[in-house]
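Numbering (the UniProt record's numbering), first residue to last: 1 to 232.
In this text, a Cβ means the ideal position worked out from N, Cα and C, and glycines have one as well.
Each remark here refers to the structure printed beneath this line.
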């Protein structure tokens, strides 16, 4: 009979085993990733509880939250039982987690090394499936004035317009600049195009008396400094 084939709904579980009740009784740290996602989506489908559905999504991505955080609303909605509203809830929650990490990193705002710049910029590139180009604008004491988005591209490149970069720098009275873009593939090798545009921007910066101190290539787990590698 169908009743025997279908799983028990969460409401039929012992109270201590329900994700929401478990969070209230035992605290958020006692919940599994699947149980936390189950709270976000609220309900499953005809044959799965919210927890089972969450386990299926996580299992599809090798239980790697970093991979799940990269998913779009459209990609999440491909799972049976995940409509647009549930997908939006998951994406929003994971984005809040990313922004929390970004806020923590922003406490250190002076740039004394490539790693300082990386720690400030890396949150902007986490979980992106495409390339983006950003700049750090610094004052004369090497304190960060602001982070500025420059362009968005595809999986293997993005267009960089020197006029836009230096227009932003001049408008914000920046004394110097740090460039950064990501490689979604995880490859930390600087391409010939990366090196070429960097040298072009460095020369332009010298003419405008706005020096470029570094160009970082950032992946989800590490970075490469063209300045440190002598590629500028």
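Under the three-state reduction of DSSP, residue 199 is assigned to helix. Straight through space, the alpha carbons of residue 22 and residue 53 are spaced by roughly 18 Å. Between the alpha carbons of residue 61 and residue 172 lies a distance of about 42 Å. In this model, residue 114 and residue 216 are separated by some 8 Å (Cα to Cα). With 16 or more other CB atoms across the displayed protein chains lying within 10 angstroms of its CB, residue 176 is buried. Residue 135 and residue 179 have their alpha carbons spaced roughly 5 Å apart. Counting along the chain, residue 73 sits inside the alpha helix (DSSP H) bounded by residues 73 to 76.
With a 10 Å radius around the Cβ and a threshold of 16 neighbouring Cβ atoms, residue 18 comes out buried. If you draw a straight line from the Cα of residue 63 to the Cα of residue 144, it comes to about 36 Å. Partner residues in the beta bridge of residue 180, as assigned by DSSP, are 134, 216. The Cβ atoms of residue 166 and residue 204 lie closer than 9 Å to each other.
By the Cβ-count criterion, residue 193 is exposed, with fewer than 16 other Cβ atoms from all chains shown falling within 10 Å of its own Cβ. Spatial neighbours of residue 98 in its own chain (CB-CB distance under 8 Å, excluding positions within 5 residues in sequence) are listed in chain order as 69, 123, 126, 127. For residue 160, no beta strand (DSSP E) encloses it, and the DSSP letter there is neither H nor E. Within the model, the alpha-carbon separation for residue 55 versus residue 33 is close to 8 Å. Excluding residues up to 5 positions away in sequence, 128, 129, 130, 131, 155 lie with their Cβ nearer than 7 Å to the Cβ of residue 184 in the same chain. Taking 9 Å as the cut-off, the beta carbon of residue 112 is found no closer than this to the beta carbon of residue 139. Residue 143 carries a strand assignment under DSSP once its states are collapsed to helix, strand and coil. In the structure shown, the three-state DSSP call for residue 96 is helix.
Boundaries of the beta strand (DSSP E) around residue 225: 223 to 225.
A straight line joining the alpha-carbon of residue 231 with that of residue 209 spans about 20 Å. Taking every protein chain shown into account, the CB of residue 159 has fewer than 16 other CB atoms within 10 angstroms, so this residue is exposed.
The alpha-carbon of residue 44 is positioned some 10 Å away from that of residue 83. Just measuring C-alpha positions, the residue of 75, 94, 189 sitting nearest residue 222 is 189.
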